[in-house]
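A short write-up of the structure that comes next.
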Amino acid sequence: MIDLHSHTTASDGQYPPSELLARAAAAGVTVLAVTDHDTVAGLG
Numbered sequence: 001m002i003d004l005h006s007h008t009t010a011s012d013g014q015y016p017p018s019e020l021l022a023r024a025a026a027a028g029v030t031v032l033a034v035t036d037h038d039t040v041a042g043l044g
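Everything in the sequence shown is counted per the UniProt record's numbering, starting at 1 for the first residue and increasing by one.
Below is the structure:
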């Protein structure tokens with residue numbers, strides 16, 4: 001599964017980057033795009 005639209009707590013998401021990645025992997029997501037608004041802080 002691919003998710004090309006997700007947000008972390010660096011923007012308006014519910015989970016910090018590490019938890020978002022863990023939850024996505026547990027759900028079977030193999031490709032994840034972090035699309036936070038106006039920041040790249042969630043990638044660091």
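Just so you know, even glycine gets a beta-carbon here, dropped at the ideal spot from N, CA and C.
LEU32 is bridged by DSSP to ASP3.
Around the beta carbon of SER18, a 10 Å sphere encloses fewer than 16 other beta carbons of the protein chains shown; the residue is thus reported as exposed. The DSSP-derived three-state label of SER11 is coil. The Cβ-Cβ distance between ALA33 and SER6 falls below 8 Å.
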